[in-house]
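Below is one structure, written out as structure tokens; comments come after it.
There are 2 protein chains.
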Amino acid sequence: MARRLRRTSGPLDLRTQAILRAVIEEYVTTAIPVGSQALVERYRLGVSSATVRHVLADLEASGLLMHPHTSAGRIPTDAGYRFYVESIVEAVPLPAVEQLMIRHQFGQVEFASEHWFRLAATTLASVTRAAGLATPAKPQSAHLRRLDIVTINDRLASLILILREGAIKQALVSLDEPTDQAALSEVAGLLNDLVAGLTATEAAAAIARIDEAVPHGALARRIGDRVARTLMDYDASAIEEVFSDGLLNVMEAPEFADSDKLRRVFSALENRAYLGELVVSVAATGRVQVFIGQENQPVEMREVSLVLAPYGRPGRAVGVVGVLGPTRMSYPQAIGTVRFVSGLMNELVDHLYA
Amino acid sequence: MARRLRRTSGPLDLRTQAILRAVIEEYVTTAIPVGSQALVERYRLGVSSATVRHVLADLEASGLLMHPHTSAGRIPTDAGYRFYVESIVEAVPLPAVEQLMIRHQFGQVEFASEHWFRLAATTLASVTRAAGLATPAKPQSAHLRRLDIVTINDRLASLILILREGAIKQALVSLDEPTDQAALSEVAGLLNDLVAGLTATEAAAAIARIDEAVPHGALARRIGDRVARTLMDYDASAIEEVFSDGLLNVMEAPEFADSDKLRRVFSALENRAYLGELVVSVAATGRVQVFIGQENQPVEMREVSLVLAPYGRPGRAVGVVGVLGPTRMSYPQAIGTVRFVSGLMNELVDHLYA
DNA sequence: GTTAGCACTCTGGCATCGAGAGTGCTAACC
DNA sequence: GGTTAGCACTCTCGATGCCAGAGTGCTAAC
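Each protein sequence line maps, in turn, to chains A and B.
The numbering used here puts the first sequence at residues 367 to 720.
The numbering used here puts the second sequence at residues 367 to 720.
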């Protein structure tokens, strides 16, 4: 009797850990609640099913496993997965063959940096059989490298900002009076001399000092304001674009056979706001991070897990890659894969700055 | 008896049309197979349910309606919807209030042309309660307006192509030998003089004529080749980017309560290849087009319908906007809304070229 | 501490059943 | 001839009950 109430927290002995591990790994592959019998049959535990049942009861008391109903096997709780990820297993590195294949694919999209993050998402999706996520690398504060102004018609011009960090931003400027390309080019030259290499705030300050009396001064001021504002908008925007691929993988998981659940997952996948939030926090920490089920704030995210890792150069440009899958996913494999892909992205970005 | 076999094709008399119309409109709103009784109760048909039953049997014989099972009401076939769209109803114009609201929203994203098509998709989704689709306007053959080359490191440069049609393309060029920004700027100047205003093929020809003996000639040739290739790639790419919003709307339709169907629809929504195909053909025709259920080639698309319309300037840049919804959708409303939004996009694009 | 044995509980699948909806046919009516 | 009332017939859908199977938790023995 003392036995049953023995442990509700504290360190788990090795046998208990082994059994928890077996339950999780069995459940991850089969998606069927696992019972004591299945456990002793498929894993060399060296004890009888009755003993296993005692341990299972302990694990349930500790909140690491649960019971869908009386006569069903155990399934891991979110806390169980968390403990497993935290204390029991190591990440499984991606097999060398797959590493080579992926490197090869990245080699194919020769020097099209805007495609890298998409490819990362696609790759993660196909390797982990979950949804792949990736954002482009975005600087904390962008530096203007160079700007161009091209006329569209005599009242409208297109402003093109090339950033030191590689991105390009475009904006339209409407003009108070008819202006030709020659005048715009002059203004562009003037602004380039003034603000090239500056951040948004620096540029705003420099532009505020433009003397409106000099030739094209007023126009330069007007366009300059737009430049500064565009830069600021870009800085202020979160890592907005979360690209995803392979959402279908997630939807095919048997736990989402119920169409209401399926819809919930899907709306989770479309919840870009929360993904953006996570991405920002992951980008800040610099490590692979795992968010399991209930640990996610939005209700519709409570049935999925995320494994995310940042890439890029802290202080210059950072992005995030990762996967989103059912809570019942193979964390060691997912972590290993995400780690590899973020490392690869690091190499690629380094190449740009080397 | 002759009566039952009376008509399997040919023009439908007005009463028969009215009944078909009633069946479709009732079914579109309720999603329940509609029987003769419901029809006489809710529509002023002026005849008894027995008569309606005769007409329904005729319509079924004509292939315009069908029976899920013996004791159920009728539902429209794809041919029924087609006939309805083709011969019975007119598009319902979007109410003036909504038109105003939408114009207002487009006014908000002041001059950010890259956002227009996204907003179009979002708008279509929220108004029609189906999925909104939109592609950016893409030229058949792009004209280079201006190019920039900026150095990344001494062996790597970024190539920026500004197109007359408004788009910007970027590519990385690796350099055989260390090259500084000054040299790159010179090359940029040289290439600008040579190829500004030209199409991909024209540019390729001009670049082939570069004398490698002149200062920076070899480099200009190398980078020029990359310019021409980037332009050609862009021309060759289909209207690649089909932006969508509100997919959740479609998934909430009761006909997709079954999770397998739901998955099928979703994979339909992700079938960008086919959407791209449709978009190209719609862009070519220049009218609102409706694709109903089985009329779509891919199997997973057989349970959805599309209403698409092109926008932009034929010969310069064209894009497509539209909606994707369950086959059981309100076509008159969808057509009216799509027509309005494509008209609005036309106005916006015209503004760019005026 | 471990194990065999066993009673107990709960699910999931299957068959049965009846109410309800809607049809198609027949025969009468205008 | 077209229209209608009446009616038998068919099929679905939800509720109900039942049974086999799985897995547990407890007890008592090792």
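All C-beta atoms in this analysis are idealised placements derived from N, C-alpha and C, irrespective of residue type, glycine included.
#1: Which of the residues in the segment 511-539 of chain A, read from start to end, lie with their CB under 8 Å from any CB of chain B?
#2: Contact criterion: CB-CB distance below 7 Å. Does Ala368 (chain A) meet it with respect to chain B?
#3: Using DSSP with H/G/I as helix, E/B as strand and the rest coil, what is Tyr409 (chain A)?
#4: To which residues of the same chain is Ala416 (chain B) closer than 8 Å at the C-beta, ignoring the five residues directly before and after it?
#5: Arg370 (chain A) by DSSP, collapsed to three states: which one?
#6: Just mark Pro399 (chain A) as buried or exposed, buried being the case when its beta carbon has 16 or more other beta carbons within 10 Å.
#7: Quick check: Ala496 (chain B) and Val616 (chain B), are their CB atoms within less than 7 Å of each other?
#8: For Glu391 (chain A), does the count of other Cβ atoms within 10 angstroms reach 16, so buried, or fall short, so exposed?
#9: Look at the alpha carbon of Gly685 (chain A) and the alpha carbon of Lys504 (chain A), and state the distance between them as a whole number of angstroms.
#10: Quick check on Ser551 (chain A) - is its C-beta less than 7 Å from some C-beta in chain B?
#11: Report yes or no: do three or more beta-carbon pairs, one from the segment 648-664 of chain A and one from the segment 645-659 of chain B, lie closer than 8 Å?
#12: For a contact meaning CB atoms closer than 7 Å, what does Ala623 (chain A) contact in chain B?
#13: For Leu538 (chain B), collect the residues of the same chain with a Cβ closer than 8 Å to its Cβ; drop the 5 residues on either side in sequence, then sort them by chain order.
#14: Report all residues from its chain with a CB closer than 8 Å to the CB of Arg469 (chain B); omit the five preceding and five following residues, and keep chain order.
#15: To the nearest angstrom, report how far apart Ser428 (chain B) and Tyr697 (chain A) are at their CA atoms.
#16: Met598 (chain B): which of B:Val645, B:Leu513 and B:Thr565 sits nearest, CA to CA?
#17: Taking the DSSP output, what are the residues bridged to Met432 (chain A)?
#18: Can you tell me the Cβ-Cβ gap for Pro692 (chain A) and Ala619 (chain A), rounded? I've got them flagged as a contact below 8 Å.
#19: So what's Val539 (chain B) in DSSP terms, helix, strand or just coil?
#20: Identify which residue in B:His433, B:Val580 and B:Val561 has its Cα closest to the Cα of Gly511 (chain B).
#21: Is it buried or exposed, Ala683 (chain B), if we count other Cβ atoms within 10 angstroms and call 16 or more buried?
#22: Below 8 Å on the Cβ atoms is my guess for Leu628 (chain B) versus Leu690 (chain B); work out the distance and round it to an integer in Å.
#23: Drop a sphere of 10 angstroms on the beta-carbon of Arg408 (chain A), count the other beta-carbons inside from all chains shown, and report buried for 16 or more, exposed for fewer.
#24: Out of A:Ile385, A:Asp577 and A:His420, state which residue places its alpha-carbon closest to the alpha-carbon of Leu405 (chain A).
#25: Quick one, which of A:Ser437, A:Asp424, A:Glu713 and A:Gly688 has its alpha-carbon nearest Ser492 (chain A)'s?
#26: For Thr374 (chain A), count the other beta carbons within 10 Å of its own beta carbon; 16 or more makes it buried, fewer makes it exposed. Which is it?
#27: What are the residues in the segment 626-649 of chain B lying within 9 Å of chain A by C-beta distance?
#28: Over what stretch of residues does the alpha helix (DSSP H) that includes Ile390 (chain A) continue unbroken?
#29: Measure how close the beta-carbons of Val645 (chain B) and Thr501 (chain B) come, nearest whole angstrom, since I'm counting them as under 8 Å.
#30: Against chain A, with Cβ distances strictly below 7 Å, would Met617 (chain B) count as a contact?
#31: For a contact meaning CB atoms closer than 7 Å, what does Glu480 (chain A) contact in chain B?
#32: Determine whether the beta carbon atoms of Ala725 (chain A) and Ile573 (chain A) lie at a separation below 7 Å.
#33: List the residues of chain A that Leu714 (chain B) touches, going by C-beta distances under 9 Å, in chain order.
#34: Which residues, taken in chain order from the segment 568-599 of chain B, show a beta carbon closer than 8 Å to some beta carbon of chain A?
#35: Straight-line CA distance for Leu529 (chain B) to Val458 (chain A)?
#36: In terms of residue numbering, what span does the alpha helix (DSSP H) encompassing Val715 (chain A) cover?
Looking at the atomic coordinates:
#1: Arg511, Arg512, Asp514, Val516, Ile518, Asn519, Leu522, Ser524, Ile526, Ile528, Gly532, Ile534, Gln536, Ala537, Leu538 and Val539
#2: Along the first sequence, one-based indexing puts residue 368 (chain A) at 2. Note that Ala368 (chain A) has pLDDT 34, beneath the 50 cutoff, so the model's placement of it is unreliable and the number below is only indicative. Not one chain B Cβ lies under 7 Å of Ala368 (chain A).
#3: Residue 409 (chain A) sits at position 43 when you count from the first residue of the first sequence. Three-state result, Tyr409 (chain A): coil.
#4: The residue labelled residue 416 (chain B) in the question sits at position 50 within the second sequence. Ser402, listed in sequence order.
#5: Locating residue 370 (chain A) in the first sequence gives position 4, counting from the first residue. With a pLDDT of only 39 at Arg370 (chain A), under 50, the local geometry of the prediction cannot be trusted, and the value read off the model is given with reservation. Looking at Arg370 (chain A) - three-state DSSP - the assignment turns out to be helix.
#6: Position 33 of the first sequence, counting from 1, holds the residue named residue 399 (chain A). Pro399 (chain A) is buried by the Cβ-count criterion.
#7: Mapped onto the second sequence, residue 496 (chain B) falls at position 130. Mapped onto the second sequence, residue 616 (chain B) falls at position 250. The answer is yes: Cβ separation under 7 Å.
#8: Counted from its first residue, the first sequence places residue 391 (chain A) at position 25. Glu391 (chain A) is buried by the Cβ-count criterion.
#9: Taking the first residue of the first sequence as 1, we reach residue 685 (chain A) at position 319. Taking the first residue of the first sequence as 1, we reach residue 504 (chain A) at position 138. Those two C-alpha atoms are separated by around 6 Å.
#10: Within the first sequence, residue 551 (chain A) is the residue found at index 185, counting from 1. No - not a single Cβ of chain B is within 7 Å of the one on Ser551 (chain A).
#11: no
#12: Within the first sequence, numbered from 1, the residue matching residue 623 (chain A) stands at position 257. Result: Ser625.
#13: In the second sequence, counting from the first residue as 1, residue 538 (chain B) sits at position 172. Once the five neighbours on either side are set aside, the close Cβ partners of Leu538 (chain B) are Ile518, Leu522, Ala523, Ser524 and Leu525.
#14: Taking the second sequence and counting its residues from 1, one reaches residue 469 (chain B) at position 103. Only Leu710 meet the Cβ criterion.
#15: As a position in the second sequence, residue 428 (chain B) is number 62, starting the count at 1. As a position in the first sequence, residue 697 (chain A) is number 331, starting the count at 1. One C-alpha to the other measures close to 57 Å.
#16: Taking the second sequence and counting its residues from 1, the one referred to as residue 598 (chain B) is at position 232. The residue with the shortest Cα to Cα distance from Met598 (chain B) is B:Thr565.
#17: In the first sequence, counting from the first residue as 1, residue 432 (chain A) sits at position 66. A:Ile441.
#18: Locating residue 692 (chain A) in the first sequence gives position 326, counting from the first residue. Locating residue 619 (chain A) in the first sequence gives position 253, counting from the first residue. The pair is a contact, with the Cβ atoms about 4 Å apart (cut-off 8 Å).
#19: Here the question's residue 539 (chain B) lines up with position 173 in the second sequence. Strand at Val539 (chain B).
#20: The count along the second sequence starts at 1 and reaches residue 511 (chain B) at position 145. Position check: residue 511 (chain B) holds Arg in this sequence, whereas Gly was assumed. Checked all of B:His433, B:Val580 and B:Val561; the closest Cα to Arg511 (chain B) is B:Val561.
#21: As a first step, residue 683 (chain B) is located in the second sequence; it is residue number 317 there, counting from the start. Buried, by the Cβ-count rule.
#22: Counting from 1 along the second sequence, the entry for residue 628 (chain B) is found at position 262. Counting from 1 along the second sequence, the entry for residue 690 (chain B) is found at position 324. That pair is no contact at about 14 Å.
#23: Residue 408 (chain A) sits at position 42 when you count from the first residue of the first sequence. So Arg408 (chain A) ends up on the exposed side.
#24: For the purposes of this step, residue 405 (chain A) is taken as the residue at position 39 of the first sequence. The candidate whose alpha carbon is nearest that of Leu405 (chain A) is A:Ile385.
#25: Counting from one through the first sequence, the residue named residue 492 (chain A) turns up at place 126. For the residues A:Ser437, A:Asp424, A:Glu713 and A:Gly688, the minimum Cα distance to Ser492 (chain A) belongs to A:Gly688.
#26: Position 8 of the first sequence, counted from the first residue, corresponds to residue 374 (chain A). Any reading at Thr374 (chain A) is ruled out, since the residue's pLDDT is 43, under 50, leaving its predicted position unreliable.
#27: Asp626, Lys627, Leu628, Arg629, Phe632, Ser633 and Glu636
#28: For the purposes of this step, residue 390 (chain A) is taken as the residue at position 24 of the first sequence. Looking at the DSSP string, the run of the alpha helix (DSSP H) that includes Ile390 (chain A) is Leu380 to Thr396.
#29: For the purposes of this step, residue 645 (chain B) is taken as residue 279 along the second sequence, with counting starting at 1. For the purposes of this step, residue 501 (chain B) is taken as residue 135 along the second sequence, with counting starting at 1. Indeed, because the Cβ distance is near 6 Å, the residues count as touching under 8 Å.
#30: Counting from 1 along the second sequence, the entry for residue 617 (chain B) is found at position 251. Taking Cβ atoms only, chain A reaches closer than 7 Å to Met617 (chain B), which makes this a yes.
#31: Locating residue 480 (chain A) in the first sequence gives position 114, where the first residue counts as 1. Neighbours of Glu480 (chain A) on chain B, chain order: Gln536.
#32: This structure cannot settle anything about residue 725 (chain A), because the visible part of chain A is limited to 367 through 720.
#33: Translated into the one-based positions of the second sequence, residue 714 (chain B) becomes position 348. Near Leu714 (chain B) there are no residues of chain A at all, since even the closest Cβ is about 11 Å away, more than 9 Å.
#34: none
#35: For the purposes of this step, residue 529 (chain B) is identified with residue 163 of the second sequence, where counting begins at 1. For the purposes of this step, residue 458 (chain A) is identified with residue 92 of the first sequence, where counting begins at 1. Taking the straight line from one Cα to the other gives about 47 Å.
#36: On the first sequence, position 349 is the one that residue 715 (chain A) refers to. Per DSSP, Val715 (chain A) belongs to the alpha helix (DSSP H) from Tyr697 to Tyr719.
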